[in-house]
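Colleague: Have a look at this one before I ask anything.
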Amino acid sequence: MWRISAAAPLGEFVDPDALPPPRAASGEPETGGWVVSSFDLKHGADVHEDFDTVPDELFDQLFPEPSRKPSDAG
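So the sequence shown is numbered by my numbering: it starts at 1 and just counts up by one.
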């Protein structure tokens with residue numbers, strides 16, 4: 001059987017009766033894949049952000065007010 005996949009974008013012959021190779025442990029936790037993603041899409045995901053993490057003085061240094069040009073009021 002001919003198959004095109006991310007691992008073989010130009011295609012490759014595969015034996016449909018062959019067992020898949022065992023996966024190596026990546027050390028990263030499983031995320032749940034499409035099941036968790038679908039559940040979050042259906043029921044919503046709770047996102048909590050702390051908006052007050054940067055002190056006001058530091059915020060003003062990082063994002064200064066744009067300088068205003070004098071208007072030509074005539």
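Ideal placement from N, C-alpha and C gives every residue a C-beta, glycine not left out.
1) In its own chain, which residues sit with a C-beta less than 7 Å from the C-beta of residue 3, not counting the 5 before and 5 after it?
2) If residue 20 and residue 1 are in contact, beta carbons under 8 Å, what's the gap, nearest whole angstrom?
3) If you follow the alpha helix (DSSP H) that residue 33 is part of, which residue opens it and which one closes it?
4) Give me the Cα-Cα distance between residue 64 and residue 47, rounded to the nearest whole angstrom.
Modeller: Short version:
1) By 1-based counting over the sequence shown, the position of residue 3 is 3. Once the five neighbours on either side are set aside, the close Cβ partners of residue 3 are 11, 12 and 14.
2) Taking the first residue of the sequence shown as 1, we reach residue 20 at position 20. Taking the first residue of the sequence shown as 1, we reach residue 1 at position 1. The C-beta distance from residue 20 to residue 1 rounds to 14 Å, too long to fall under 8 Å, and the pair is not in contact.
3) Counted from its first residue, the sequence shown places residue 33 at position 33. Per DSSP, residue 33 is one residue of the alpha helix (DSSP H) stretching across 33-43.
4) Walking along the sequence shown from the start, residue 64 turns up at place 64. Walking along the sequence shown from the start, residue 47 turns up at place 47. The alpha-carbon of residue 64 is positioned some 29 Å away from that of residue 47.
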